[in-house]
């Protein structure tokens with residue numbers, strides 16, 4: 184049975200409030216973004232109806248703001264409970280702007296020693312070369328990347344998987360929903376019974392986050408996959 188998936192957008196980052204930071208490589212969280220991440224932990228503990236279920240994996244975009252959000256939001260899970268925290272380049276943001284381009288892997292390994300970068304695509308943070316075509320900012324690549332991560336999640340064995348990613352990628356390629364900073368939505372997978380391999384993987388959102396998200400910050404409108412992404 185596929186896992187339940189908790190999709191989270193990173194906390195507020197510098198470029199979210201200061202347009203000049205769009206020219207900064209991989210900007211960090213603001214103080215508010217750190218506070219949002221810490222509050223997210225408490226909110227999930229109080230509102231996510233786990234019963235006897237467990238979060239057994241955290242997947243992160245390897246961009247600094249997503250890594251920091253994971254660090255502040257889930258310290259007990261990976262330090263006390265030993266939940267794996269794994270970086271996956273496919274969950275990074277869409278564009279090749281400086282603010283959406285990551286740092287060298289060697290730097291990330293030094294900054295986040297508790298996180299697992301062993302399976303991170305060595306092409307990261309390249310998003311523009313022919314070799315990095317899977318990360319190009321066009322509709323074909325973006326939609327293919329979304330289906331790739333959904334297929335991998337569908338095939339996983341864990342009970343609940345948390346993913347920390349970005350608004351553009353989550354909205355246009357994975358969930359078709361809006362995500363405000365440090366807001367989350369919870370999904371199960373749509374049944375694939377009777378479907379062929381060519382049929383896309385789809386998520387079905389829990390009633391508790393449908394609408395404005397778990398924190399109540401996000402826009403309610405549905406989004407068509409690939410909307411706004413250049414051909």
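Numbering (the working numbering), first residue to last: 184 to 414.
A virtual CB, placed ideally from N, CA and C, is assigned to each residue, including glycine.
Predicted model, so just to flag it, every value in this text is computed and none were measured.
Look at the beta carbons and you see the stretch 203 to 212 not touching the stretch 257 to 271: under three pairs across the two are nearer than 8 Å. Within the DSSP bridge table, the entry for residue 348 names 192 as partners. Taking the C-beta atoms as reference points, residue 372 is found nearer than 8 Å to residue 337.
Counting only runs of at least 3 residues, the stretch 374 to 411 fully encloses the following beta strand (DSSP E) elements, listed from N- to C-terminal order: 386 to 388. Counting only runs of 4 or more residues that sit fully inside the stretch 203 to 236, the alpha helix (DSSP H) segments are 214 to 230, in chain order.
For residue 260 against residue 212, the beta-carbon gap comes to about 19 Å, at or over 8 Å, which does not count as contact. When the five nearest sequence neighbours on each side are left out, the beta carbons in the same chain lying within less than 8 Å of the beta carbon of residue 409 are those of 322, 325, 326, 355, 356, in order along the chain. In this structure, residue 388 sits near residue 369, with a CB-CB distance shorter than 8 Å.
In terms of Cβ geometry, residue 192 and residue 307 do not form a close pair [threshold 8 Å].
Distance from residue 303 to residue 272 at the Cβ level is roughly 6 Å; contact confirmed, criterion being Cβ atoms closer than 8 Å. With a contact defined as Cβ atoms closer than 8 Å, residue 223 and residue 365 qualify at about 5 Å.
Put simply, the backbone Cα of residue 290 is about 40 Å away from that of residue 390. By the criterion of a C-beta distance shorter than 8 Å, residue 185 is surrounded in its chain by 336, 337, 338, 339, 371, 372, once the five residues flanking it on both sides are discounted.
In the DSSP annotation of this structure, the continuous segment of the beta strand (DSSP E) that includes residue 368 starts and ends at 367 to 372.
DSSP places residue 238 in the strand class (E or B) of the three-state scheme. Secondary structure at residue 343: strand, using DSSP grouped into helix, strand and coil. DSSP, read as helix, strand or coil, puts residue 283 in helix. Around the CB of residue 392, 16 or more other CB atoms lie within 10 Å, so the residue is classed as buried. The shortest CA-to-CA distance from residue 411 to any of 236, 278, 238, 367 is the one to 278. Taken through DSSP and simplified to helix, strand or coil, residue 323 comes out as helix. Separation of residue 395 and residue 255 (C-alpha to C-alpha, rounded to the nearest whole angstrom) is 23 Å. Between residue 242 and residue 269, the CB-CB gap stays under 8 Å. Of all alpha-carbon atoms in 280, 376, 194, the one lying nearest the alpha-carbon of residue 349 is that of 194.
Under DSSP, residue 270 takes part in a beta bridge, and its partners are 243.
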